[in-house]
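Inspection log for the structure reproduced underneath, given as structure tokens.
Given below as structure tokens:
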């Protein structure tokens, strides 16, 4: 059982100031977390591990070359172009 004093102690360790109304909210939250751990303690541990519960299959499409846009058409709406390439802002100085 999480007490009010436990919440105050945890908040001091975390260097977090809590208002009076927050202390009860956190106490309930911490208590709920501990109850979830109790539920996890009841889970069977002798189950064989599985990687996939459903069979997976990759679906590939045929790799067919297609005609692409020319360089001029690709760059015609670009804001900044330099020597036939897109130019972006400098990232590293």
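In the working numbering, the protein residues as written are 4 to 96.
Yeah, the Cβ is synthetic: ideal placement off N, Cα and C, and Gly gets one too.
{"Query": "Alpha helix (DSSP H) containing residue 14: first to last residue?", "Result": "7-16"}
{"Query": "Can you tell me whether residue 60 is buried or exposed? The criterion is at least 16 other CB atoms within 10 Å of its CB, across all chains shown.", "Result": "exposed"}
{"Query": "Find out if the Cβ-Cβ distance for the pair residue 10, residue 30 is shorter than 8 Å.", "Result": "yes"}
{"Query": "May I have the straight-line CA-CA distance separating residue 50 from residue 36, to the nearest angstrom?", "Result": "24 Å"}
{"Query": "Can you name the residues that DSSP bridges to residue 94?", "Result": "Residue 94 pairs with nothing; no bridge assigned."}
{"Query": "For the alpha helix (DSSP H) holding residue 55, just list the boundary residues, first then last.", "Result": "Run containing residue 55: none; DSSP gives neither H nor E here."}
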